[in-house]
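For what it's worth, my numbering labels the leading residue of the sequence shown as 1, then goes sequentially.
Even for Gly, the Cβ is constructed at its ideal location relative to N, Cα and C.
Read the structure below first, then the notes.
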Amino acid sequence: MSSVKVAVRVRPFNSREIGRESKCIIEMTGATTAITNPKVPPNTSESVKRFNFDYSYWSHDPRDSDFSTQSMVYKDIGEEMLQHSFDGYNVCIFAYGQTGAGKSYTMMGRQEEQQEGIIPMICKDLFGRIQDTENDELKYSVEVSYMEIYCERVRDLLNPKNKGNLRVREHPLLGPYVEDLSKLAVTDYQDIHDLIDEGNKARTVAATNMNETSSRSHAVFTIFFTQRRHDTMTDLFTEKVSKISLVDLAGSERADSTGAKGTRLKEGANINKSLTTLGKVISALAEVSASKKKNSKKADFIPYRDSALTWLLRENLGGNSKTAMIAAISPADINYDETLSTLRYADRAKQIVCKAVVNEDANAKLIRELKEEIQKLRDLLKAEGIEVQEEDELNKSSVIKSPSKGRNRNGSTTEMAVDQLQASEKLIAELNETWEEKLKRTEEIRLQREAVFAEMGVAVKEDGITVGVFSPKKTPHLVNLNEDPNLSECLLYYIKDGLTRLGTHEANVPQDIQLSGSHILKEHCTFENRNSTVTLLPHKDAIIFINGRKLVEPEVLKTGSRVILGKNHVFRFTNPEQARELREKITENEAENEEKEKADTQQVDWNFAQCELLEKQGIDLKAEMKKRLDNLEEQYKREKQQADQQFEEQRKSYEARIDALQKQVEEQSMTMSMYSSYSPEDFHQEEDVYTNPLYESCWTAREAGLAAWAFRKWRYHQFTSLRDDLWGNAIFLKEANAISVELKKKVQFQFTLLTDTLYSPLPPELASSVTPTQPDDEYGAPPVSKTLVAVEVTDTKNGATHYWSLEKLRQRLELMREMYHNEAELSPTSPDYNVESLTGGDPFYDRFPWFRMVGRSFIYLSNLLYPVPLVHKVAIVNERGDVRGYLRIAVQPVLDEESIDFNNGVKQSARLVFNEDDAKPKYRALNEKDDVQRYIDNGGLDTKLEELEDADSGRGIDSNSASECHENADEPGEHLQVCKEFTFRVTVLQATGIGAEYADIFCQFNFLHRHEEAFSTEPVKNSASGAPLGFYHVQNITVPVTKSFIEYLKTQPIMFKIFGHYQTHPLHKDAKQEFVSRPPPRRMLPPSIPISQPVRSPKFGPLPCPPSSTVLAKHDVLVWFEICELAPNGEYVPSVVEHSDDLPCRGLFLLHQGIQRRIRITIVHEPTPEVKWKDINELVVGRIRNTPESSDEQDEDACVLSLGLFPGEVLEVPGDDRSFYRFEAAWDSSLHNSALLNRVSQGGETIYITLSAYLELENCARPAIITKDLSMVIYGRDARTGPRSLKHLFSGQYRNPEANRLSGVYELSLRRASEAGSPGVQRRQRRVLDTSSTYVRGEENLHGWRPRGDSLIFDHQWELEKLTRLEEVGRMRHLLLLRERLGMDTNPNPTTKTEKDVCNLAARAATSPVHMVIPQSPQTPVKDPQMQMLPDREYNQREQDLMLKCLKLVQGRYSKNEPNDNQTNQADVSPSDEGCADMTVSCISSNSMENKKFVIRHRLCSPDRSDAPNGWEAPAPATQPALPLRLYVPELEEIRVSPVVARKGLLNVLEHGGSGWKKRWVIVRRPYVFIYRSEKDPVERAVLNLATAQVECSEDQAAMVKIPNTFSVVTKHRGYLLQTLGDKEVHDWLYAINPLLAGQIKSRLARRTLEPASQTASQISASSAVNANAANK
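Written out as structure tokens, the structure is:
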């Protein structure tokens, strides 16, 4: 046994590696090869890997003394292997390595002296030793075979008859072999050399015809070396047969290094399958060898059969062979991965152990064993009733079935036996073949090969050796011409004596020259060669051109003629005899000689033949080009004239607009001059504002208030305009990051949003650009805090974060580009911007402070008004709204000299002066309430802005409680007299909860308007033990009392800033955030799956622009989606739907494969004359995908399909007067040509589609589009579908056809059509310029990084909301602490002046800028104190009747036939669930359209209801007059239901006009209320929109209906009376539906309980006072 010899050879650098300045990473010392990893720091354990081999050849630099030449490699490996072959062993040498690593050079070498490879040297030495040792007793014979393995197909390269794929078979004795592979006998080295050359050329031709690349195939050249020795003593002949296998493997490069993708990648994977299998075999053999050394007994499996290459080389790998492997590697560092893989490959191969034996007397042994096997097979066939006879001529067996046998036989066993018998006989015939017969067969194959080459146009010279294309000396021939010069003159066809037929291979008569093409006939033409004169005979309808003329009759060809056959085949005819005679004539006449030389100098190629053809056919190229040029000039003149005309029209249009604008400016200047005639005092007096002449003709007082509110609302909601800055500057951000990565700067850039608030003031350089010029606007409101787009610069090198403006980013980007182009470390300074003074010369970095801001805190000073001391514990909040710790502050007035001693504290004093403008607030919250009510009240109008405020937020202070405390406290206390000095003390006690990464903590505080006068504490060490940090800093502040100071104490806080030295920077560790902050709520985030745009309709073309005209009406629409499948009974049954809020589409359809389907859509909404569905125009399905997100680009795909529609119809449901419109469409999913819909879904795969229904409405100019994303899973045809979750499976609702539908809530907006196309609307319909997808240089280095977009706005809104909430909580905590300190919580009615002041302060806090006051609910009666002071008056009978009618009309109980009050049932009627009809009966089920038609509709507004509580009726929709003929533009927008459930449970529901009480399952998802039939019902049956509904819960209503625990919800079209199942649930349901109403009711009840108690206490005190007076008397 011997192991595989492994050698490693490294080549020199190639031109590509030299161009890329590669470094050598290979070192060789003796037999050890070391490789250095360039990606790992040097001098580490993982930087160098060493491998030991049998030989290590250093062929990198020829100038080195250790340079290994070709001869040295051959002496070590080639001579040893050749000696093994003479000893009778099998030998194998194969080279492995990356493409271009030098393995072909090592194996084959070059045709130069001392450059031959191993294969030529072995062949030379083989025949050299044969000549030296051959005698009468010792004879040698050599046979060769040459095959190619490409894509697991084996091809014979020496026999042209074997064109197809050869079979690889296995014999029990011979092992794997290739059937019908030719083995040719050779006698000397020249024969082998010629066969290799012919095989390579035949391999090239075959690869060209098959469109394959030969370099990516394996070639196996095998030499069968036989030694026949005659023993004279015993007169016996012995043979030694050895097989020399020389393998040239394909290149083993990686897919990522070649960049192969798609089909090329699959082809490469298939081609390299054999290399992968070879690696597996080597690894398995190495493990077998190692396990045998360890005496392991585990089963060994070697995957030889996985590849044809390893199957054929099985004996050479771990079998009967002496094997050597040469691993060729590259020295460059850019090929480190491939080189390391090759070295590991070779290291595993070194462990393989082969069992080589001498192959002696192999033929005799094989012949005997084969004869025995043949005899056994014949006996087996004879036993089966089959007689086998031999035919000597064909040397094959013929099978004759015996009819005498009547038993049944297995056909497959018989065929296998016959096949095996024939294969064995072929082997015997091959082994019995004599040497002379082999030489004769070789000559026959050579003649056949020459004939095949002649058919292909490749000729062989007369010597029979040279193969190629050459010019014969006597025979006329055709040479091809091609448009590609490299393919011209590559094929040559002889014209033999007599007739030479030309046609296709489909002709009945075999054609001598076979061509292919659409214009080549089966028998196209005939060449007749008589006495060296060739005549071309065309056949009928054959397309032939000679020298540009079409050939109709036979014509004699002259040498040099251009022959065009069909339309693609171009040849040049050459007759050597005519050319020789022409040259002899030319020598006789010198003049003719010169002319012929000129003619010969003109190159006759494909272009010449094509131009000649065009000229002879009457097509003049120059004339055609001139004509084309003239047409282009005329077209240019016309377009230029049109452009000039359009330019002139635009110029006139712009001049007219300029004149109009100039007139407008003049009018405005006149108005302003008129405005300037009035003094400023005229406008600042509120009572005279609306008497000004400028305002008299414009707005009323209410309109002015509304305009002021709208203006401020517009100023607050400014986030939409930020998208322009985000998407427009994204390209600059990408370029800055790309340059930073390429220059290896540790800086990252990303967008951020900054808003100037209390907790997050803008940096000074950014605040200067956005600070408003006027502190207050014309309405007296503080300035709005503007939000701007900035760039967050993360300096990971220094652990700092900076904020740049967009202008600064552009300035720095110019310097970055300059640095990048100059490739310098320091950027040259700009004359306009001195970057060196700012950044130290590098535009990427900014200076960073030593101390870093931890957060801010705020302390209000209103306790100094009373005066009482307070100790506050406030949160330390950073700029993003995250709490970073807590701060304890004491604020107390100093009324007299006190001596407070702190052991470790600091005591300081300061003096401040407040001016008159210092109390004006700087910051204003984004959601504050405007002072519009002041303007409206001044105008004398009693109006509230309920429709302008957000009544759903639930934040605010009860108006009644606020009004009780709202008393004037303009007179301050005695300690705050104007012009006196007041001293108060601020003590910074402790800080807790500050992170351990901050050291040297100190605190700094100041007034909001006095940033330059700040008070600072001493730094305190942060021990990171969690103990409080004690500052104990006492600051006495003395202030002269002014009105502005008193106003500041009432409204404004003191700002505390906490700083610390940042010790450990998370940015050094590439941390994205310092701390884990609480994620924003789901309502602040975008939906999980974006709402898709409508699928483009083939009928309606591109989607119209969304309308932006005035919205005239809005309606809530409920849409049910069903996918029906054809059932065995012939009906379409809805498929099962799995409902879940966790799914992206809130439902999953479970479908079957290959079943006809229909899509059914039902539209439900309240009846209205504005919405009448006319017809369904088109239903489009597209965007087939397996991800939830969709793209509009998928509409261009062929997957978009327009479905066949069935007529839509209006359904009439008994007991339900809502409008139902339903339509169906046939859906053949196979027409999408999508594999996702055609096959069964794989495990865990979900398919998503998008459908759009284009519906026609009456009085609408455009179709209404319903778009919905549906998700589905496709099971097998016979699979049983059911919900995948146990909850839905056990509920059994999926068996109900009405539960197998998916619902969607839509909002239908009807806009005025006349405004849709106005110029003003078109100007507002602009698209944001998106530069985020524009490519910049170096973008691929960012690894998928993208600039932030709209999600940044959502996150910033959440941060602003957090900051606003923190500010409100801090203010309210201060008020509660002050109330507790003053003892107001124990005495609800303020009696003292101090208590009244606190109530006044609370009332002011309710209307402060940071607190959002919600107006009173429109359905809640508010007691007006002025109304109570009106004197009572008596009304006559007519006025009382009129008032009663109005009251009943408002309450919705007025009817023409009003029942008598005495007949009204006053009994307490409790709701019952028995005998109640369903909300939507089963007529909406799956088969109702085919089976049932309901024509009876119940009226819901019937006044007589026996089961209604005391005749209660909700306000019915008023009878609407006939609408005028008006054209609308509809817009249907899907509303994504909030995932947050405010309340769910069972309620008794009495619908207006309904048949009675019904128990329903109700879920509140604000702003919608969904009503279900039961708790297990997954489909929404009704929807209530709380935004347009009115909720009422009052004692009057409860007294009227006589049913406890009830409240009403009245929408625009109908009303509902709801009853809870328990007393305690009323408040919870009201709080979920209308939090403001619930709070008002609870507050009102609390005051009623307190009033009797206070009255009782006052009576007791009064009686005690009377008794005391009596006692004194």
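W1629 sits in a helix when the DSSP states are folded into three classes. Selection Y1062, G1244 and M147 evaluated against P849 yields Y1062 as nearest (Cα-Cα). Under a 10 Å Cβ-count criterion, C1446 is classified as exposed, with fewer than 16 other Cβ atoms of the shown protein chains found around its own Cβ.
Between the alpha carbons of E437 and R344 lies a distance of about 48 Å. By the CB criterion at 8 Å, T222 and S330 fall outside the cutoff. Counting C-beta atoms within 10 angstroms of its own C-beta, M1272 has 16 or more neighbours from the protein chains shown and is therefore classed as buried. DSSP assignment within the region 705-770 yields the following whole beta strand (DSSP E) runs of 3 residues or more, N-terminal first: 747-755. Runs of beta strand (DSSP E) with 3 or more residues, each lying fully within the region 33-106, are found at 48-52, 55-58 and 91-97, listed in chain order.
In the same chain as N1341, and ignoring 5 residues on each side of it, the C-beta atoms closer than 7 Å to its own belong to A738, V741 and E742, in chain order. Listed in chain order, the beta strand (DSSP E) runs fully inside the region 1207-1263 are 1209-1213, 1216-1227 and 1247-1257, counting runs of at least 3 residues. Fewer than three Cβ pairs drawn from the region 186-198 and the region 162-171 lie within less than 8 Å of each other, which leaves the two stretches out of contact. When the beta-carbon positions are compared, R229 and A101 stay at least 8 Å from each other. Note that the region 29-43 does not touch the region 89-101; fewer than 3 beta-carbon pairs, one per stretch, sit closer than 8 Å.
Restricting attention to F732, P510, D54 and S47, the CA atom closest to the CA of E1339 is found in F732. Separation of R63 and Y57 (C-alpha to C-alpha, rounded to the nearest whole angstrom) is 14 Å. Shown here, T323 sits in a strand according to DSSP, grouped into three states.
Around the CB of T29, fewer than 16 other CB atoms lie within 10 Å, so the residue is classed as exposed. Exclusion of the five residues before and after V247 leaves F94 and V220 as the residues of its chain whose Cβ lies within less than 6 Å of its Cβ. Taking I282 as the centre and dropping the five residues before and after it, the same chain places the C-beta of R348 and A349 closer than 6 Å to its C-beta, in chain order. The secondary-structure analysis by DSSP pairs N1585 across a beta bridge with Y1568. Judged by pairs of C-beta atoms under 8 Å, the region 1234-1243 touches the region 1260-1275, as three or more such pairs exist. Taking the C-beta atoms as reference points, I1155 is found no nearer than 8 Å to F1121. Beta-bridge pairing by DSSP links V891 to L870 and V986. One alpha carbon belongs to T983, the other to T1038, and they sit about 4 Å apart. Non-local beta-carbon contacts of R651 in its own chain, meaning distances under 8 Å to residues more than five positions away in sequence, are absent. Boundaries of the beta strand (DSSP E) harbouring Q1004: Y998 to F1007, taken from the DSSP string. Under the DSSP assignment, G19 falls in the alpha helix (DSSP H) whose first and last residues are S15 to G19. Looking from the CA of V154, the closest CA among R169, G498, V142 and H193 belongs to R169. A contact between stretches requires three or more CB pairs, one per stretch, nearer than 8 Å, and the region 867-882 meets this requirement with the region 1370-1377. Between K1050 and L912, the gap from beta carbon to beta carbon reaches 8 Å or more.
Annotation: the continuous beta strand (DSSP E) that includes Q1035 extends over L1029 to P1040. With contacts defined by Cβ atoms closer than 8 Å, T33 and V8 form a contacting pair.
Taking a contact to require three or more Cβ pairs closer than 8 Å, the region 576-587 and the region 482-498 do not qualify as touching. Between R1311 and Y1528, the C-beta spacing is below 8 Å. Just so you know, the alpha carbons of F13 and S1351 end up roughly 51 Å apart. By the criterion of at least three beta-carbon pairs nearer than 8 Å, the region 886-895 is in contact with the region 990-1003.
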